Amino acid sequence: MFMAVSNFLSSTAEGVFPFYLDHAHVKGRLIRLGSVIEELLANHQYPDFVNQYVAELVALTAALSVDVKYDGIFTLQVSAHPDHEGPIRLITVDINTQGHVRAYAQLAPAFESTKDYHSLSLLDVFGQGFMVFTADLAHQTERYQAIVELTGKTLADCMHHFFRQSDQIATGLVVFSQPSRSDGQLMAGALILQRLPLEQTSTSEQKEQEEDDWITNLSLLGTLTKHELLDADLGSEQLLHRLFHERQLQLLEPKSLKAQCSCSKDRIEKVIQNFPLEDRMDMAVDGEIKVVCEFCTADYRFGVN
Numbered sequence: 001m002f003m004a005v006s007n008f009l010s011s012t013a014e015g016v017f018p019f020y021l022d023h024a025h026v027k028g029r030l031i032r033l034g035s036v037i038e039e040l041l042a043n044h045q046y047p048d049f050v051n052q053y054v055a056e057l058v059a060l061t062a063a064l065s066v067d068v069k070y071d072g073i074f075t076l077q078v079s080a081h082p083d084h085e086g087p088i089r090l091i092t093v094d095i096n097t098q099g100h101v102r103a104y105a106q107l108a109p110a111f112e113s114t115k116d117y118h119s120l121s122l123l124d125v126f127g128q129g130f131m132v133f134t135a136d137l138a139h140q141t142e143r144y145q146a147i148v149e150l151t152g153k154t155l156a157d158c159m160h161h162f163f164r165q166s167d168q169i170a171t172g173l174v175v176f177s178q179p180s181r182s183d184g185q186l187m188a189g190a191l192i193l194q195r196l197p198l199e200q201t202s203t204s205e206q207k208e209q210e211e212d213d214w215i216t217n218l219s220l221l222g223t224l225t226k227h228e229l230l231d232a233d234l235g236s237e238q239l240l241h242r243l244f245h246e247r248q249l250q251l252l253e254p255k256s257l258k259a260q261c262s263c264s265k266d267r268i269e270k271v272i273q274n275f276p277l278e279d280r281m282d283m284a285v286d287g288e289i290k291v292v293c294e295f296c297t298a299d300y301r302f303g304v305n
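Residue numbers for the sequence shown follow full-length UniProt numbering, beginning at 1 and rising by one.
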């Protein structure tokens, strides 16, 4: 659904905002998140630099999930190399079709709470680890999964590498996170542009023009500052119009996200009941089995029988 610029939800500063440029030759997604990030991190006591990694991975996951048209769950995970002694073992984010998002990080045994890790690059933190993309379709046993090695200094660098290697789609993106200047709430945002394949009937002149247009769009993307992307007082329509008002900007229906875990007591109980009684007895402590959700920290207790 296309929307006139004047009717776009300019008052909405948070969510996923898809759009097209250059007569739909380029697709883009603007992601701006604040309260969602705050809710995701509320039940965890992660250090600030871990929170920033989680927030940026949530923004990138949201950027990719908007293209998913099936009923299911899209998951993005960054994991450290098994032999690397960095501060984080893995970060996982998943978003379902309804826009429910959850996330968690697992700190490594080598993590030191008094050490400042902010200056570390992506490879310093995770080593030669991996970024894993998983699309889990509802009512189907098979899943789509793509794995790429971590490269570059940032998550954005690694995402660029994924698109070059896996999808071979010309892509430009930025991702930022920082505490809000007003209340200290952690904000995260991303802006991604992808050049759609040229029509086979395109003339050489059209191809040359589209190449020039793509370079122009990347140049405009490069002017985006962290402050602009994460400024809650700057409406999403206003931001996109400021960047791309000369690029035939077409805005699509925005998508909201909600921090909500998919765990449930019934589902966990069914999993436990699949184990033999002897195994369930080994799981029990003082006569009950305790399960804590890594995503939302919900605490579930079950009897052995």
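Heads up, the beta-carbon is just placed ideally off N, CA and C, and yes, glycines get one too. Note that the structure is predicted; figures quoted are calculated from it, not measured.
Could you check if residue i is buried or exposed, using at least 16 other CB atoms within 10 Å of its CB as the buried criterion?
i	result
N7	Confidence is the limiting factor: at N7 the pLDDT is only 35, short of 50, which leaves the residue's position unreliable, though a coordinate-based value still follows. Label assigned to N7: exposed.
Q273	exposed
Q250	buried
L198	exposed
G287	exposed
M281	exposed
R143	exposed
S119	exposed
N305	exposed
P87	buried
R32	buried
I91	buried
F19	buried
E271	According to the sequence shown, residue 271 is Val rather than Glu. When all chains shown are included, V271 counts as exposed.
A138	exposed
S65	buried
G222	exposed
K290	exposed
Any idea what DSSP makes of residue i, helix, strand or coil?
i	result
N43	coil
L57	helix
A190	strand
P18	strand
R247	coil
G34	coil
I169	coil
D94	strand
E294	coil
Q206	helix
A232	coil
L122	helix
A62	helix
K255	strand
Who are residue i's beta bridge partners in DSSP?
i	result
E149	F130
R143	D136
F176	G189
F302	I289
G222	In DSSP, G222 forms no bridge with anything.
F74	I95, A135
H100	K258
So the candidates are the options; which of them puts its Cα closest to the Cα of residue i?
i	options	result
L196	P18, F17, H25, V16	H25
Y53	D22, A103, T223, S35	A103
A110	Q140, V101, R89	R89
E253	S236, C261, E269	S236
L150	D136, A170, S121	S121
I73	Q194, Q145, A55	Q145
F49	F275, V285, A105, D71	A105
V174	C158, I192, A138, G99	I192
T216	R247, A108, V16	R247
C263	Q128, F244, Y300	Y300
Contact check, residue i vs residue j under 8 Å by CB: the rounded distance?
i	j	result
A188	A59	4 Å
A232	S180	7 Å
G172	L218	5 Å
E278	F302	The Cβ separation is near 16 Å, so there is no contact.
L186	I37	5 Å
V93	L76	5 Å
T61	I95	6 Å
F130	I147	5 Å
K226	Q178	6 Å
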